[in-house]
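Keeping their order, the protein sequence lines are chains D and Y. In this text, residue positions in the first sequence follow my numbering: the first is 1, and each later residue adds one. In this text, residue positions in the second sequence follow my numbering: the first is 1001, and each later residue adds one.
There are 2 protein chains.
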Amino acid sequence: MALSTQPYKGARDFYPADKRMQKYLFSVMRRVCESYGYEEYDTPILEPTELFASKTSDEIVNEQTYTFTDRGGRSVTVRTEMTPSVSRMVAAKRQELAYPLRLYAIPNLWRYERPQRGRLREFWQLNADIFGVAGLAAEQELIQLLDDIMQAYGAKRDMYTIKLSSRKLINAFLGEVLGMDETQITTMIRLIDRMHKMEHPEFIGQADAIFSPTQRETGASEQLFALLNTSSLDSLPATIANHETSISMKRIIEKLEKAKITNVVYDPTIMRGFDYYTDIVFEVYDTDPENNRAMFGGGRYDSLVSLFGVDAVPTIGFGMGDVTLLNFLETHNLLPKLRPETDIYIVTIGEADEAASKAAADLREMDINVALDITGRQAEKQIKTAEKKGVHYVLFVGEKEAASQQFVLKDLESGTQETHGLERIASIVKDYRSA
Amino acid sequence: MALSTQPYKGARDFYPADKRMQKYLFSVMRRVCESYGYEEYDTPILEPTELFASKTSDEIVNEQTYTFTDRGGRSVTVRTEMTPSVSRMVAAKRQELAYPLRLYAIPNLWRYERPQRGRLREFWQLNADIFGVAGLAAEQELIQLLDDIMQAYGAKRDMYTIKLSSRKLINAFLGEVLGMDETQITTMIRLIDRMHKMEHPEFIGQADAIFSPTQRETGASEQLFALLNTSSLDSLPATIANHETSISMKRIIEKLEKAKITNVVYDPTIMRGFDYYTDIVFEVYDTDPENNRAMFGGGRYDSLVSLFGVDAVPTIGFGMGDVTLLNFLETHNLLPKLRPETDIYIVTIGEADEAASKAAADLREMDINVALDITGRQAEKQIKTAEKKGVHYVLFVGEKEAASQQFVLKDLESGTQETHGLERIASIVKDYRSA
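The following block contains the structure:
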């Protein structure tokens, strides 16, 4: 029986046009990250399983990892996120590294999920993190970086909203104000994280089930819903209005407004799924009604590095997935038309193989990307191939052209052609390329 | 207990300096491949296991794959090589694709092996393939491409040798001349492939065991050793001297010599491990006595695409691994010194956070990569951080500088400093960058 030509479910083959788009997406990420001084790193796609256990969310570890035993009996996991790995790397050279340490990577990650819009089993994710800054300036910079990347893709600020919240604040509210214990708090935070995925009465029912009878009697439920309905830091319940994190978030929003990032809002329902967040968390939402959903996000996780037996390092980071990004750019018509990298397709006339090969080599010396037709077919068929590949120019090389060193360059889009020496041809092509 | 900071055995963490080197290696590969009209593609790192069974070598499939069952009960394998995947991709769009189809990728691959010099469990490998050309011009182009990549790294032709052989020729010799059957031939080819890893008497013993008594009596053994000792196509045994592939190889070597690639030789012992090769195979050897070993190679595999139930496509390709490449470049002192991508480290003086942030943003607008110190530490400590990171310039920003828009730029290498406006600073930095 013939083998299937399909890739593994939920994963993609990248044909040249797809790969070109991916390279465009990544090159923007790289350019903007490096303009802020972030340095690229990478880690292995397979990690010891214990790295993910208890640091990622339970749902991911128990249901969504690709975990197996290697031939030496060790349990390994295909990475589902980058944060545990980068924390491991930083912990390994805790003393030698220079802080603030700004790192980014664009790893591929795997989660065993039902493939759906915006969600595949294999996806790529920009991860940008800053290690060693406890102050708000780190939050400000990371949100600015995220916003700058969106701007670099051509997004306008009315196309997305950056929603801000704080784990520390919700912890204080649930613990100090409502009197919940740690277990209750963890359960409630996970419930709030899923809030927008369920009907409101269901959410209320489940939330009520978490409160103790005494808490319910003293109106904990109502107080919680009042907080979750707050849409501005100015109308926070009095019990937490002056909490240090409330003030911090106000300051971050003010500072970002000064930098013209006017689409940052407070949203108390933002939790982020991972257990390791310690304070400010944020999420970027698409404002398009067709695609109104969380796209990317991040937050502060000050304790993760210390799990490796070294002193804690204050850290904040975010992730930006390629699948949601592609959906967003498509929805808002922001995907560019990308040209093939090949500048010229050489059509070899008759037996002029050596002359064609020489012309190709000469043009490459002048930094022109040249595909040479080496099939020996008739010229017409060679031109068809060039057209099918979307190459802009064909160059005809026969014995006559080789002897005179004058070659016909044809623009396949306009159909016009002109005859020149190779240097002039290289310069025409470069002009087109940079136009 | 604290978690281990070590990556999985045989895999690497890439800290910024390591990643920078990897990006350099890959950028050279990309640049040269694209100059020949090769287009980049990619495929998922997990593939259905049946894709690798019986196409790769038995040793790899049975002993070296990472194979496991996913949560849905499907057997998946972490890719050990790219050839089966790219064949699958081409088969899936057999009709739509335009031939000659030139493809390249730089995937990471995994093999469960004992880590050693030149061999790790996770490695990257450039794969370049040309689909749809049956003639020798494809062999010639691919070897030229491989050679061009070596040249682009600064290698001289006396640093490496390109060894050429042919599966078709050895098959003809073993089958038609020595009278071996298919099973004997397959076993013998695998033995010859391991020839240089064993002592000569051991090899002779094992080869003799493959021959039948009649074959041994008629001198098959001696004839085989005579062939394997041949170092030139001009001194081939008469029985195969005029075989079409002998003539083809001569022609390839001649054509490459014309293109100044003078380090191509015939070596009948070159087999390449994979079962799918159908004719010409080649391997690049390091000539350094310390590192005299096969580094990269490839060959023609005309039948693989047809395993997916479509018509066969003549194909030839090669792989070039990053670990062996790094060893080679180190051995021959060809690794470049790479600078950090960050151009300027801004030292924030006093409380001038906003001014510093503004200066950073202005410089980024002028395409300068700027890391901003946001720690609020004393200037001396900030400078130390810049030095530790290897950033060439620091820029001092305080309230006074912000008011006058005149900033001190310090060259950390020479220790000299000068005072300018931001535009002039940007131009100084760009001059340094492109120097």
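Beta carbons: idealized from backbone N, C-alpha and C, even for Gly.
Item to complete: Could you name the residues of chain D that K1389 (chain Y) contacts, counting a contact when the two beta carbons are closer than 7 Å?
Response: Using a Cβ-Cβ cut-off of 7 Å, K1389 (chain Y) is close to A98 of chain D, given in chain order.
Practice prompt. Determine the direct distance from the alpha carbon of D1353 (chain Y) to that of V281 (chain D), and round the result to whole angstroms.
Written response: Those two C-alpha atoms are separated by around 23 Å.
Worksheet item: If you count every other CB in all the chains shown that lies within 10 Å of the CB of R1300 (chain Y), and 16 or more means buried, which is it?
Response: Under the 10 Å beta carbon count, R1300 (chain Y) is surrounded by 16 or more other beta carbons and is classified as buried.
Fill in: Buried/exposed call for Q1382 (chain Y), threshold 16 Cβ in 10 Å
When all chains shown are included, Q1382 (chain Y) counts as buried.
Worksheet item: Does V438 (chain D) come within less than 8 Å of chain Y when only Cβ atoms are used?
Response: The question about residue 438 (chain D) has no answer, for chain D in this structure spans 1 to 435.
Practice prompt. Decide if E1244 (chain Y) is buried, meaning its Cβ has at least 16 other Cβ atoms within 10 Å, or exposed.
Written response: Counting Cβ neighbours within 10 Å, E1244 (chain Y) comes out exposed, since fewer than 16 surround it.
Fill in: CB contact flag (M1159 (chain Y), D1279 (chain Y), <8 Å)
No, these two residues do not count as a Cβ contact at 8 Å.
Item to complete: Name, please, each residue of chain Y whose Cβ falls closer than 9 Å to the Cβ of K19 (chain D).
Response: The contacting residues are E1039, E1040, Y1041, D1042 and A1105.
Item to complete: Anything in the stretch 1110–1122 of chain Y with a Cβ closer than 9 Å to a Cβ of chain D? List those residues in chain order, please.
Response: Using a CB distance below 9 Å, the part of the stretch 1110–1122 of chain Y facing chain D consists of W1110, Y1112, R1121 and E1122, ordered along the chain.
Discussion item. Per the DSSP calculation, G1299 (chain Y) is bridged to which residue(s)?
Written reply: Partner(s): Y:V1281 and Y:G1317.
Item to complete: Let me know if I1247 (chain Y) comes out buried or exposed under the rule of 16 or more other beta-carbons within 10 Å of its beta-carbon.
Response: Exposed, by the Cβ-count rule.
Item to complete: Tell me whether the beta-carbon of R121 (chain D) lies closer than 8 Å to the beta-carbon of I60 (chain D).
Response: Contact: no.
Worksheet item: In chain Y, which residues lie with their C-beta within 8 Å of the C-beta of N108 (chain D)?
Response: Neighbours of N108 (chain D) on chain Y, chain order: I1045.
Worksheet entry | Extent of the continuous beta strand (DSSP E) to which F1131 (chain Y) belongs | First-last of the beta strand (DSSP E) with F1131 (chain Y): E1122 to F1131.
Worksheet item: Any idea which residues DSSP pairs R102 (chain D) with across the strands?
Response: DSSP lists D:I130 as the bridge partner or partners of R102 (chain D).
Practice prompt. Pull up the CB-CB distance for V1397 (chain Y) and A1356 (chain Y), whole angstroms please, since I reckon it's below 8 Å.
Written response: Taking 8 Å as the upper bound for CB-CB distance, V1397 (chain Y) and A1356 (chain Y) are in contact here, some 4 Å apart.
Worksheet item: Rounded C-beta distance between A241 (chain D) and L224 (chain D)? I'm assuming under 8 Å.
Response: Between L224 (chain D) and A241 (chain D) the Cβ distance is about 16 Å, and since that is not below 8 Å, they are no contact.
Worksheet item: Do the CB positions of Y1393 (chain Y) and I1344 (chain Y) come within less than 8 Å of each other?
Response: With respect to I1344 (chain Y), Y1393 (chain Y) sits close: the two C-beta atoms are nearer than 8 Å.
Item to complete: Could you name each continuous alpha helix (DSSP H) segment of 4 residues or more that falls completely within the stretch 1136–1199 of chain Y, going from the start of the chain to the end?
Response: DSSP runs (the alpha helix (DSSP H)) wholly in the stretch 1136–1199 of chain Y: 1136–1152, 1167–1172 and 1182–1194.
Worksheet item: From M1295 (chain Y) to W1124 (chain Y), what distance separates their C-alpha atoms?
Response: Between M1295 (chain Y) and W1124 (chain Y), the C-alpha separation is close to 13 Å.
Item to complete: Determine the direct distance from the alpha carbon of K19 (chain D) to that of A91 (chain D), and round the result to whole angstroms.
Response: Separation of A91 (chain D) and K19 (chain D) (C-alpha to C-alpha, rounded to the nearest whole angstrom) is 34 Å.
Worksheet item: Counting contacts by CB-CB distance shorter than 8 Å, is T5 (chain D) in contact with chain Y?
Response: Taking Cβ atoms only, chain Y reaches closer than 8 Å to T5 (chain D), which makes this a yes.
Worksheet item: Ordered along the chain, which non-local residues of its own chain (more than five positions away) have a Cβ less than 8 Å from that of V177 (chain D)?
Response: If we look at V177 (chain D) and ignore the five residues flanking it on each side, its Cβ neighbours are Q223, P237, T239 and I240.
Worksheet item: Should S1166 (chain Y) go down as buried or exposed, given a rule of 16 or more other Cβ atoms within 10 Å for buried?
Response: Flag for S1166 (chain Y) reads buried.
Worksheet item: Can you name the residues that DSSP bridges to F1407 (chain Y)?
Response: Its beta-bridge partners are Y:H1420.
Fill in: 3-residue-minimum beta strand (DSSP E) runs that sit fully inside the stretch 1314–1370 of chain Y, ordered along the chain
Within the stretch 1314–1370 of chain Y, the complete beta strand (DSSP E) runs of at least 3 residues fall at 1315–1321 and 1344–1348.
Fill in: Paired residues, beta bridge with T83 (chain D) - DSSP
DSSP lists no partner for T83 (chain D).
Worksheet item: Under the three-state reduction of DSSP, which class applies to N957 (chain Y): helix, strand or coil?
Response: Since the first residue of chain Y shown is 1001 and the last is 1435, residue 957 (chain Y) is not available in this structure.
Practice prompt. Would you kindly report the start and end of the unbroken alpha helix (DSSP H) that includes P213 (chain D)?
Written response: Per DSSP, the continuous alpha helix (DSSP H) segment holding P213 (chain D) begins and ends at P213 to E217.
Discussion item. Quick check: what's the CA-CA separation for A1330 (chain Y) versus A1011 (chain Y)?
Written reply: The sequence given here places Glu at residue 1330 (chain Y); Ala does not occur at that position. Those two C-alpha atoms are separated by around 19 Å.
Worksheet item: Hey, out of D:A105, D:T80, D:I106 and D:V86, whose CA is closest to L97 (chain D)'s CA?
Response: Ranking the options by Cα distance to L97 (chain D), first place goes to D:V86.
Worksheet item: Is it right to say K93 (chain D) is buried, meaning 16 or more other beta carbons lie within 10 angstroms of its own, or is it exposed?
Response: By the 10 Å Cβ count, K93 (chain D) comes out exposed.
Worksheet item: For a contact meaning CB atoms closer than 9 Å, what does T385 (chain D) contact in chain Y?
Response: Going along chain Y in sequence order, the residues near T385 (chain D) (Cβ under 9 Å) are A1098, Y1099 and P1100.
Practice prompt. Let me know if K168 (chain D) comes out buried or exposed under the rule of 16 or more other beta-carbons within 10 Å of its beta-carbon.
Written response: Buried: at least 16 other Cβ atoms inside 10 Å.
Worksheet item: Along chain Y, which residues have their Cβ under 7 Å away from the Cβ of P16 (chain D)?
Response: For P16 (chain D), the residues of chain Y that pass the 7 Å Cβ criterion are E1039, E1040 and Y1041, in the order they occur in the chain.
Worksheet item: How long is the line joining the alpha carbons of N1327 (chain Y) and S232 (chain D), rounded to whole angstroms?
Response: Straight across, the Cα-Cα distance linking N1327 (chain Y) with S232 (chain D) is about 58 Å.
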